[in-house]
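Shown next, in structure tokens, is the structure this report addresses.
As structure tokens, this is what we get:
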């Protein structure tokens, strides 16, 4: 796995992220959404680090405060898991981008220079979040809804009555048809 934080500029300079090598190289991002879309690919790690660091341009914050800032920005639509944010802050601290004191992270001089070099100021970060977060809200709602359906299906498949399992089979067939239709439509849209 390549580490988007490494370069010759200092301890792990870079973030990676949205559409090119980004905070960590030319353009604003990594090689797209990368392998694993929402997993350990470009989106999963690089955007978390980039967004977290950019949120610190608004001032020092703990993991809980960053969660609150994102929630406030999205009017409660996106609620990040605090342990995930805490791990991201640990990674940023390990890379020298932030320093932490009693759980409160502050951008280091290196972190500020890194963001500035990439043209990221408090204003540009806020503009990016205003543009990006609303788009992510719908994706996260879709993902959450599908996960909830999968959870219900799992419970019914394992412990459900025959009637519940019959309804699951009908709903599953309908959902699978719809998902396949939507997938084909989206694939043709990006082709």
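Numbering (our numbering), first residue to last: 361 to 551.
C-beta: ideal position from N, C-alpha, C; glycine also.
Since we're looking at a predicted model, the values are computed, not measured.
Thinking residue 474 and residue 457 are a contact (beta carbons under 8 angstroms), I'd like their distance in whole angstroms, please.
For this step, residue 474 is matched to residue 114 along the chain shown. For this step, residue 457 is matched to residue 97 along the chain shown. That belief holds up - the Cβ atoms of residue 474 and residue 457 are roughly 6 angstroms apart, short of 8 angstroms.
Is residue 423 closer than 8 angstroms to residue 328 when the C-beta atoms are compared?
Beyond the ends of the chain as shown, which are 361 and 551, falls residue 328; an answer cannot be given.
Are the CB atoms of residue 513 and residue 528 nearer to each other than 8 angstroms?
As a position in the chain shown, residue 513 is number 153, starting the count at 1. As a position in the chain shown, residue 528 is number 168, starting the count at 1. Against a cut-off of 8 angstroms, the Cβ pair of residue 528 and residue 513 comes out as a contact.
Rounded C-beta distance between residue 468 and residue 477? I'm assuming under 8 angstroms.
By one-based count along the chain shown, residue 468 stands at place 108. By one-based count along the chain shown, residue 477 stands at place 117. No, residue 468 and residue 477 are not in contact; Cβ-Cβ is about 14 angstroms, not under 8 angstroms.
With a Cβ-Cβ cutoff of 8 angstroms, do residue 433 and residue 489 count as a contact?
As a first step, residue 433 must be located in the chain shown, where it is residue number 73. As a first step, residue 489 must be located in the chain shown, where it is residue number 129. Against a cut-off of 8 angstroms, the Cβ pair of residue 489 and residue 433 comes out as a contact.
Residue 426 and residue 445 - do their beta-carbons sit closer together than 8 angstroms?
As a working mapping, residue 445 is identified with position 85 in the chain shown. As a working mapping, residue 426 is identified with position 66 in the chain shown. Against a cut-off of 8 angstroms, the Cβ pair of residue 426 and residue 445 comes out as a contact.
Between the beta-carbon of residue 525 and the beta-carbon of residue 517, is there less than 8 angstroms?
Sequence index remark: in the chain shown, residue 525 carries index 165 (1-based). Sequence index remark: in the chain shown, residue 517 carries index 157 (1-based). In this structure, residue 517 lies closer than 8 angstroms to residue 525 by Cβ.
Residue 391 to residue 549, Cα distance in whole Å?
In the chain shown, counting from the first residue as 1, residue 391 sits at position 31. In the chain shown, counting from the first residue as 1, residue 549 sits at position 189. With a pLDDT of 35 at residue 391, under the threshold of 50, the modelled position of that residue is not reliable, and no figure is offered here.
What's the gap between the Cα of residue 543 and the Cα of residue 506?
Reading the chain shown from its first residue, position 183 is the one you call residue 543. Reading the chain shown from its first residue, position 146 is the one you call residue 506. C-alpha separation (whole angstroms): 14 angstroms.
Taking the alpha-carbon positions, what's the residue 412 to residue 487 distance?
In the chain shown, residue 412 corresponds to position 52, counting from 1. In the chain shown, residue 487 corresponds to position 127, counting from 1. Computed Cα separation, rounded: 15 angstroms.
For residue 470, tell me which candidate among 520, 454, 508 and 461 has the shortest Cα-Cα distance.
Within the chain shown, the letter at position 110 stands for residue 470. Residue 454 is the option with its Cα nearest to residue 470.
In the DSSP assignment, find the unbroken alpha helix (DSSP H) run with residue 476 in it and report its ends.
By 1-based counting over the chain shown, the position of residue 476 is 116. Residue 476 -> alpha helix (DSSP H) spans 469-477.
Give, in chain order, every unbroken run of the alpha helix (DSSP H) that is at least 4 residues long and sits entirely within the segment 412-447.
With a minimum length of 4 residues, the continuous alpha helix (DSSP H) runs that stay inside the segment 412-447 are 423-433.
Taking the straight line between their C-alpha atoms, what separation do you get for residue 447 and residue 415?
Here residue 447 refers to the residue found at position 87 of the chain shown. Here residue 415 refers to the residue found at position 55 of the chain shown. Each residue's Cα considered, the two are about 15 angstroms apart.
Are the C-beta of residue 536 and some C-beta of chain C separated by less than 8 angstroms?
The chain inventory of the structure shown lacks chain C, comprising one protein chain alone.
Would you decide whether residue 360 is buried or exposed? Buried here means 16 or more other CB atoms lie within 10 Å of its CB.
Lying outside 361 to 551, the shown extent of the chain, residue 360 is not represented and no answer is given.
Considering Cα atoms alone, identify which of 479, 436, 547 and 520 is closest to residue 500.
Indexing the chain shown from 1 puts residue 500 at position 140. Comparing Cα positions, the closest option is 436.
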